[in-house]
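Below: the structure, in structure tokens.
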């Protein structure tokens with residue numbers, strides 16, 4: 002009578018299951034990495050579109066002629082969003098923080114949402130504006146946007 006050794010068969014089966022588990026884990030990690038690449042590309046595109054919206058907002062501010070600036074001005078840039086592809090939303094927002102009779106300061110923001118998960122990026126500039134009576138238009142001076150660390154708790 003031959004003796005059959007079940008240990009070798011069990012060891013082979015156990016090793017195969019471990020290898021199968023490792024390959025499934027590697028496939029899951031590769032899938033997550035692929036998702037991260039897609040999200041990163043959406044984030045880069047949203048940053049680019051937010052910068053473009055900010056530049057278009059600066060140009061729009063340069064031709065502002067109304068002596069009374071609204072507290073908040075918002076414009077959807079649907080043409081820019083349509084040319085960049087589907088699932089895009091781009092807008093520019095101007096908010097006044099401090100107003101005076103002929104001098105104002107505030108923030109200009111370019112906001113872009115991209116992709117099915119609506120990855121959003123925002124770019125901002127602070128500005129000071131003075132109304133030029135002879136030219137009858139606002140003269141904007143843009144600065145890098147900085148957060149005052151003393152006011153942040």
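Numbering (the numbering used here), first residue to last: 2 to 154. The beta carbon of each residue, even a glycine, is placed where N, CA and C say it ideally should be.
Report the residue from the options whose alpha carbon sits nearest the alpha carbon of residue i.
i: residue 84; options: 97, 107, 115; result: 115
i: residue 113; options: 107, 79, 141; result: 79
i: residue 141; options: 82, 18, 91, 64; result: 64
i: residue 137; options: 21, 66, 46; result: 66
Report yes if the C-beta distance between residue i and residue j is below 8 Å; otherwise report no.
i: residue 93; j: residue 70; result: no
i: residue 52; j: residue 101; result: no
i: residue 59; j: residue 109; result: yes
i: residue 120; j: residue 49; result: no
Over what stretch of residues does the beta strand (DSSP E) that includes residue i continue unbroken?
i: residue 134; result: Where residue 134 is concerned, there is no enclosing beta strand (DSSP E), given that its DSSP letter is neither H nor E.
On the CB-based measure, 16 or more other CB atoms within 10 Å of its CB, does residue i come out buried or exposed?
i: residue 131; result: exposed
i: residue 15; result: exposed
i: residue 128; result: buried
Return yes when at least one heavy atom of the ligand MG lies under 7 Å from the C-beta of residue i, else no.
i: residue 122; result: The ligand MG is absent from the structure shown, which contains no ligand whatsoever.
Consider the Cβ of residue i: report whether some Cβ of chain D lies at a distance smaller than 8 Å.
i: residue 112; result: Reference to chain D is not applicable here, since this structure consists of a single protein chain.
>> List, from N- to C-terminal side, the alpha helix (DSSP H) runs of 4 residues or more that fit wholly inside the region 61 to 126.
In response: 79 to 85
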